[in-house]
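For reference, each letter of the sequence shown is one residue, going 1 to 277 in the working numbering. We treat Cβ as the ideally placed atom computed from N, Cα and C, and that holds for glycine.
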Amino acid sequence: MFLLLFGGFIGFTGYQLVWDERAQLLTSMFVAMLRSIPAFGATLTRLFIGGLGISDGTLVRILFLHIGPATALYAFLWWHYVRLRHPKIWPPGVWVLFCVGLVFLLAGVVPMTRETIPAAAPAAHPTSFPMDVFFLIPFWLLNFLPAGVVVLLLVALFVGGLAIPYASRRETPVEMGVRHSGVAQVIDGNCTGCELCYYDCPYNAIVMVPSPGPGLSKAAANRSLLAVVIESRCVECGICIGACPFEALELPKFLERDVLRQVAEALRPGSGQAVRA
Numbered sequence: 001m002f003l004l005l006f007g008g009f010i011g012f013t014g015y016q017l018v019w020d021e022r023a024q025l026l027t028s029m030f031v032a033m034l035r036s037i038p039a040f041g042a043t044l045t046r047l048f049i050g051g052l053g054i055s056d057g058t059l060v061r062i063l064f065l066h067i068g069p070a071t072a073l074y075a076f077l078w079w080h081y082v083r084l085r086h087p088k089i090w091p092p093g094v095w096v097l098f099c100v101g102l103v104f105l106l107a108g109v110v111p112m113t114r115e116t117i118p119a120a121a122p123a124a125h126p127t128s129f130p131m132d133v134f135f136l137i138p139f140w141l142l143n144f145l146p147a148g149v150v151v152l153l154l155v156a157l158f159v160g161g162l163a164i165p166y167a168s169r170r171e172t173p174v175e176m177g178v179r180h181s182g183v184a185q186v187i188d189g190n191c192t193g194c195e196l197c198y199y200d201c202p203y204n205a206i207v208m209v210p211s212p213g214p215g216l217s218k219a220a221a222n223r224s225l226l227a228v229v230i231e232s233r234c235v236e237c238g239i240c241i242g243a244c245p246f247e248a249l250e251l252p253k254f255l256e257r258d259v260l261r262q263v264a265e266a267l268r269p270g271s272g273q274a275v276r277a
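Here it is in structure tokens:
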């Protein structure tokens, strides 16, 4: 939903930067929507247009509002990727070629044409403009609904979209307990420094540090490295547990011995139990 919000606002401000009669009318309509917001409407309007009315500084603010969210999206994307060990940035090659070919095909069959919209002028009072169904639908609704109602609908749509994941089937206490299994913990005596967990963790939550001494098990006696979990990055997924062949990692609320016990009980004839997963 935030991506939809950012993308829509970037597209809307892009239309404003052209500063033709469509941009002039869009700005007036957007100001009307801002003014309809209770308590904060007047303040938001002054922040947007830079004063009591549209001036030279308004276009500078629109330029910032166009570039700012796009830059923020790239910053958030970088922040997301830098925390992943194996980020998937590009789709499979066949899909890349398909999308590029489709763009060229559509550009050749339905070429983009520039509408002859006059430049904005203080004396002009435009009443209509060519509609873009991707970015300007909220302004089309202003033909039928007051500005305040349109703002309320947009807020309701945004909040409803955020609530969709939480409106699905509720987790049972057992399922919630499995999902919140606790931050992975390293059993120092069993860690051999093999780095398997380090390479398999998709969230860069495990680092290898010089070992302060030998481990307790025979396999860990000659280790040179020791795994350390960065708690702030651990999402309790348990991937490192499966990667470790030496029983050197555990989820504190979902211990391996408990899993083995559940498996044994589930495999017992006539038990009728299912293994939590």
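- Here Glu250 carries a strand assignment [DSSP, helix/strand/coil].
- Here the C-alpha atom of Phe134 lies approximately 45 Å from the C-alpha atom of Cys197.
- When secondary structure is reduced to three states using DSSP, Ala167 falls in the coil class, being assigned neither helix nor strand.
- DSSP, read as helix, strand or coil, puts Met208 in strand.
- Under the three-state reduction of DSSP output, Leu255 falls in the coil class, being neither helix nor strand.
- If you check the CB distance, Leu226 and Gly182 do not come in under 8 Å.
- Per DSSP, Ala42 has no beta-bridge partner at all.
- Judged by DSSP in its simplified three-state form, Asp132 adopts coil rather than helix or strand.
- According to DSSP, residue pairing for Asp20 in a beta bridge involves Ala119.
- Here Phe30 has no same chain residue with a Cβ atom under 6 Å from its own Cβ, once five neighbours each way along the sequence are excluded.
- One Cα belongs to Val110, the other to Gly101, and the distance between them is close to 14 Å.
- Taking C-alpha positions only, Pro165 is separated from Phe158 by approximately 13 Å.
- Inclusion of Leu25 and Phe144 in the CB contact set at 8 Å is not warranted, their separation being larger than that value.
- Taking a contact as a CB-CB distance under 8 Å, the pair Val209 and Val228 counts as one, their CB atoms being some 5 Å apart.
- For Val103, the enclosing alpha helix (DSSP H) begins and ends at Gly93 to Val109.
- Between the region 79-86 and the region 199-215, the count of C-beta pairs closer than 8 Å reaches three or more; the two stretches touch.
- In terms of CA proximity to Gly189, Gly213 leads the group Glu195, Gly213, Ala167 and Asp200.
- Scanning Ser168, Cys240 and Gly57 for the CA closest to the CA of Glu195 turns up Cys240.
- DSSP, reduced to helix, strand and coil, places Val235 outside both helices and strands of the structure shown, so it counts as coil.
- One alpha carbon belongs to Lys218, the other to Phe246, and they sit about 10 Å apart.
- Three or more beta-carbon pairs separated by less than 8 Å link the region 116-132 to the region 10-25, which places the two stretches in contact.
- In the three-state reduction of the DSSP assignment, Ala227 falls in the strand class.
- The bridge partners DSSP lists for Gln262 come to none.
- The alpha-carbon separation between Phe76 and Trp90 amounts to approximately 17 Å.
- Your pair Ile37 and Val151 checks out as a contact, with CB atoms roughly 6 Å apart and the cut at 8 Å.
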